[in-house]
Amino acid sequence: MGKSDPIISIEKVSKTYASGLAALTDVSLTIHRGEIFALLGPNGAGKTTLIGVVCGLINATSGRIVADGHDVVTDARAARSTIGLVPQELSTDMFETVRATVSFSRGLFGKPADPAHIEKVLRDLSLWDKRDTKIKELSGGMKRRVLIAKALSHGPRILFLDEPTAGVDVALRHDMWRLVTALRATGVTIILTTHYIEEAEQMADRIGVIDKGALVLVEDTKALMEKLGKRQAKLFVKEPLHEVPAALASWQLDLEDNGRALVYAFSGSREEAGLGALLTALHEQGIALRDVQTRESSLEEIFVNLIGKS
Amino acid sequence: MNTHAVRAIYRFEMARTFRTLLQSLAAPAISTSLYFIVFGSAIGSRMTEIEGVPYGSFIVPGLTMLSVLTESISNGSFGIYMPRFAGTIYEVLSAPVSWLEMVLGYVGASASKSILLGAIILATARLFVPYTVAHPLWMVAFLVLTAVTFSLFGFIIGIWADGFEKLQLVPSVIITPLAFLGGSFYSIKMLPSPWQKVALANPVVYLISGFRWSFFGTSDVAVEISAGMTLAFMGACLLLVRWMLKSGYKLRT
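Sequences listed follow chains P and X, in order. Sequence positions in the first sequence follow this note's numbering and run 21 to 330. Sequence positions in the second sequence follow this note's numbering and run 75 to 327.
1. Where do the N-terminal and C-terminal ends of the alpha helix (DSSP H) with residue 242 (chain X) fall, by residue?
2. Taking C-beta to C-beta, are residue 179 (chain P) and residue 171 (chain P) nearer than 8 Å?
3. Under 9 Å Cβ-Cβ, which residues of chain P neighbour residue 238 (chain X)?
4. Quick check on residue 21 (chain P): buried or exposed, where buried means 16 or more other Cβ atoms within 10 Å of its Cβ?
5. Below 8 Å between beta carbons: does that hold for residue 111 (chain P) and residue 164 (chain X)?
6. Around the C-beta of residue 331 (chain X), are 16 or more other C-beta atoms found within 10 angstroms, so that it is buried, or is it exposed?
7. So, with DSSP's three-state summary, where would you put residue 85 (chain P)?
8. Show which residues of chain P have a CB atom less than 7 Å away from the CB atom of residue 306 (chain X).
9. Determine, for residue 103 (chain P), whether the minimum Cβ-Cβ distance to residues of chain X falls below 8 Å.
10. How far does the alpha helix (DSSP H) with residue 321 (chain X) in it extend, from its first residue to its last?
11. Say whether the region 160–175 of chain X touches the region 91–109 of chain P, bearing in mind that this needs 3 or more beta-carbon pairs closer than 8 Å, one atom from each stretch.
12. Leaving out the 5 sequence neighbours to the left and right, which residues in its chain are closer than 6 Å to residue 87 (chain X) when beta-carbon positions are compared?
13. Please state the DSSP three-state secondary structure of residue 280 (chain P).
14. Applying a beta-carbon distance threshold of less than 9 Å, which residues of chain X neighbour residue 57 (chain P)?
15. Between the Cα of residue 246 (chain X) and the Cα atoms of X:322, X:257, X:231, which residue gives the shortest distance?
16. Can you list, in chain order, the residues of its chain with a C-beta nearer than 7 Å to that of residue 208 (chain X)? Leave out the 5 residues immediately preceding and following it.
17. Tell me, to the nearest whole angstrom, how far the beta carbon of residue 133 (chain X) is from that of residue 259 (chain X); I am working on the premise that it is less than 8 Å.
18. List the residues of chain P whose Cβ lies closer than 7 Å to the Cβ of residue 322 (chain X), in chain order.
19. Starting from residue 249 (chain X), follow the beta strand (DSSP E) in both directions and report where the run begins and ends.
20. Can you tell me whether residue 218 (chain P) is helix, strand or coil according to DSSP?
21. Distance check for residue 293 (chain X) and residue 267 (chain X), CA to CA, integer angstroms please.
22. Name the chain X residues that come within less than 9 Å of residue 113 (chain P), Cβ to Cβ?
23. On a Cα-Cα basis, can you pick out the residue from P:232, P:205, P:265, P:285 that is closest to residue 247 (chain P)?
24. How would you write the range of the beta strand (DSSP E) that residue 125 (chain X) sits in, first residue to last?
25. Answer with buried or exposed for residue 205 (chain P), where buried requires no fewer than 16 other C-beta atoms within 10 angstroms of its C-beta.
26. Could you confirm whether any beta carbon from chain X is found closer than 8 Å to the beta carbon of residue 109 (chain P)?
27. Buried or exposed: where does residue 59 (chain P) fall if 16 or more other Cβ atoms within 10 Å of its Cβ makes it buried?
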């Protein structure tokens with residue numbers, strides 16, 4: 021991955037629907053080759069519209085998009101052959117078998133039949149045992165895997181995952197994360213939308229936040245979490261304190277619950293915030309702890325914070 | 075040309091037909107057989123010949139055309155409407171598939187089914203009434219032309235329709251009356267003089283007339299005009315489909 025090697029360039033793209041709704045307003049964004057980019061935003065922010073415009077499902081009102089060196093409008097065939105799309109909705113033909121629908125997708129993208137590749141994709145997604153099962157007989161999580169298999173059937177260089185873990189169980193969500201990480205290792209560029217901050221934090225190299233059709237910010241994940249991911253540790257002490265000891269002043273602790281709790285607010289990970297060092301310092305001050313509680317900002321809180329500022 | 079995509083769409087559509095064989099082929103074949111029993115054998119045996127052809131045989135081309143064109147519209151419209159309705163159209167729209175490749179896949183499959191149905195009906199008709207085909211190549215040409223043209227027309231309806239009601243509207247309100255009044259059961263020469271001219275405004279007249287000519291060598295209008303009118307209608311449908319798919323009409327928002 022290199023910042024000098026863009027694989028998708030979105031330049032001043034706007035989309036206004038016939039109803040007058042401005043879904044995207046002057047969105048400009050560059051996706052780097054080989055990165056995992058997470059697009060976050062509340063419902064109706066324009067995430068799916070942006071994906072739709074890149075993938076050719078939605079006509080942009082203005083602006084230009086280049087995917088892997090090909091304009092998505094004037095050189096649509098070349099651009100689309102590099103892209104795989106996993107839509108948010110579980111849209112697939114319910115009466116087809118898993119293998120047939122994945123093979124169909126490969127054909128659509130102009131690739132000759134390759135049973136060995138289809139087998140690999142199905143095995144990677146734990147679908148091989150279900151290869152001759154009709155899709156209508158699969159669970160929701162399995163159907164989502166089928167959609168991913170369809171998108172991977174032609175070996176795309178760019179993969180869009182629109183809410184890939186919406187409504188799936190924890191095990192499948194972790195399976196998805198592993199899959200996405202493995203795909204990135206093969207050089208696939210991945211753009212995903214999600215509501216789960218943990219998901220974005222775990223996987224994405226960079227995060228973009230979109231609201232009301234405008235990109236609010238684009239940051240490296242680490243930098244964004246530092247900036248916006250507020251965390252709080254509440255340290256319950258055995259003996260109530262009258263004040264925060266002077267030796268702990270540098271930690272900027274707050275005293276709450278009538279001196280029974282010290283509250284430490286920090287950004288980024290616990291390690292980076294030096295939570296371990298704080299516990300050591302408390303021990304050195306002879307302050308015994310009864311309990312420790314930590315909480316993190318939810319994505320909703322981050323949105324409220326971020327969008328409130330925008 | 076993305077031939078793999080054309081083949082994928084074609085195979086997918088044909089597979090859908092064979093999953094619903096009873097509905098796709100058996101049902102129209104049975105209903106047409108009933109027409110032959112009632113109009114061909116029962117009533118037809120009491121009627122005089124039309125242009126030197128026994129009535130039972132006379133209606134074979136018209137009834138075949140009736141089924142082929144209504145099934146072509148149905149196949150063509152459902153082929154594209156169902157993926158729109160189910161949301162699976164996203165995959166075709168996001169794939170490197172041109173408008174022509176979409177047409178070859180969807181309309182090709184729809185026309186194939188209709189041609190197969192036409193062959194089944196002609197074979198079934200042979201069990202009830204005798205007939206011979208004077209110009210076999212022309213017969214095949216008219217069958218293919220009709221199947222392709224009305225599959226294209228159905229494809230247009232399938233893109234235009236917002237719901238199942240609209241999907242049925244054009245076939246039931248426009249096509250079925252035109253088909254029945256297009257000379258399936260009679261020669262338009264049997265109509266009073268002013269109605270003969272009115273009937274010439276009906277495009278189905280040219281299809282049935284041309285198809286009937288290929289069987290019996292007699293027709294209501296010259297075969298060249300029949301073929302020309304059908305080709306013109308096909309060209310118009312193709313141009314409209316091209317515009318719809320290139321502009322993304324009702325497909326891309």
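Glycine included, C-beta positions come from ideal geometry on N, C-alpha and C.
With the given structure in hand:
1. Position 168 of the second sequence, counted from the first residue, corresponds to residue 242 (chain X). Note, residue 242 (chain X): alpha helix (DSSP H), 238–244.
2. Mapped onto the first sequence, residue 179 (chain P) falls at position 159. Mapped onto the first sequence, residue 171 (chain P) falls at position 151. If you check the CB distance, residue 179 (chain P) and residue 171 (chain P) come in under 8 Å.
3. Counting from one through the second sequence, the residue named residue 238 (chain X) turns up at place 164. Per Cβ cutoff of 9 Å: no residues; residue 238 (chain X) is ~18 Å from chain P at best.
4. Position 1 of the first sequence holds residue 21 (chain P). Because residue 21 (chain P) sits at a pLDDT of 48, beneath the cut-off of 50, its placement in the model cannot be relied upon, and the following sentence gives the value as read from the coordinates. Residue 21 (chain P) is exposed by the Cβ-count criterion.
5. Locating residue 111 (chain P) in the first sequence gives position 91, where the first residue counts as 1. Locating residue 164 (chain X) in the second sequence gives position 90, where the first residue counts as 1. Contact: yes.
6. Nothing about residue 331 (chain X) can be read from this structure; chain X reaches only from 75 to 327.
7. By one-based count along the first sequence, residue 85 (chain P) stands at place 65. The three-state secondary structure of residue 85 (chain P), taken from DSSP, is strand.
8. Counting from 1 along the second sequence, the entry for residue 306 (chain X) is found at position 232. Near residue 306 (chain X) there are no residues of chain P at all, since even the closest Cβ is about 31 Å away, more than 7 Å.
9. Within the first sequence, the letter at position 83 stands for residue 103 (chain P). Residue 103 (chain P) counts as touching chain X.
10. Counting from 1 along the second sequence, the entry for residue 321 (chain X) is found at position 247. Where residue 321 (chain X) is concerned, the enclosing alpha helix (DSSP H) starts and stops at 297–321.
11. yes
12. Here residue 87 (chain X) refers to the residue found at position 13 when the second sequence is read from its first residue. Result list for residue 87 (chain X): 153, 183, in chain order.
13. Position 260 of the first sequence holds residue 280 (chain P). Residue 280 (chain P): coil per DSSP, three-state reduction.
14. Residue numbering aside, residue 57 (chain P) sits at position 37 when the first sequence is read from its first letter. Those within 9 Å of residue 57 (chain P) in chain X number zero; the least Cβ separation is about 18 Å.
15. Locating residue 246 (chain X) in the second sequence gives position 172, where the first residue counts as 1. Among X:322, X:257, X:231, the Cα nearest to that of residue 246 (chain X) is on X:231.
16. Taking the second sequence and counting its residues from 1, one reaches residue 208 (chain X) at position 134. Correct list, in chain order: 288, 289, 290, 291.
17. In the second sequence, residue 133 (chain X) corresponds to position 59, counting from 1. In the second sequence, residue 259 (chain X) corresponds to position 185, counting from 1. Confirmed, about 6 Å.
18. As a working note, residue 322 (chain X) is residue 248 in the second sequence. Simply 79.
19. Taking the first residue of the second sequence as 1, we reach residue 249 (chain X) at position 175. Segment: none, residue 249 (chain X) is in no beta strand (DSSP E) and carries neither H nor E.
20. Mapped onto the first sequence, residue 218 (chain P) falls at position 198. Secondary structure at residue 218 (chain P): helix, using DSSP grouped into helix, strand and coil.
21. Position 193 of the second sequence holds residue 267 (chain X). Position 219 of the second sequence holds residue 293 (chain X). C-alpha separation (whole angstroms): 17 Å.
22. One-based indexing of the first sequence puts residue 113 (chain P) at position 93. Here the neighbours are 86, 90, 156, 157, 160, 162.
23. Here residue 247 (chain P) refers to the residue found at position 227 of the first sequence. Minimum Cα distance to residue 247 (chain P) is reached at P:285.
24. Residue mapping note: residue 125 (chain X) aligns to position 51 of the second sequence, counting from 1. Per DSSP, residue 125 (chain X) belongs to no beta strand (DSSP E) and is neither H nor E.
25. Indexing the first sequence from 1 puts residue 205 (chain P) at position 185. When all chains shown are included, residue 205 (chain P) counts as exposed.
26. Against the first sequence, residue 109 (chain P) aligns to sequence position 89. It does: the Cβ of residue 109 (chain P) has a partner Cβ on chain X nearer than 8 Å.
27. Reading the first sequence from its first residue, position 39 is the one you call residue 59 (chain P). Its Cβ being crowded by 16 or more others within 10 Å, residue 59 (chain P) is buried.
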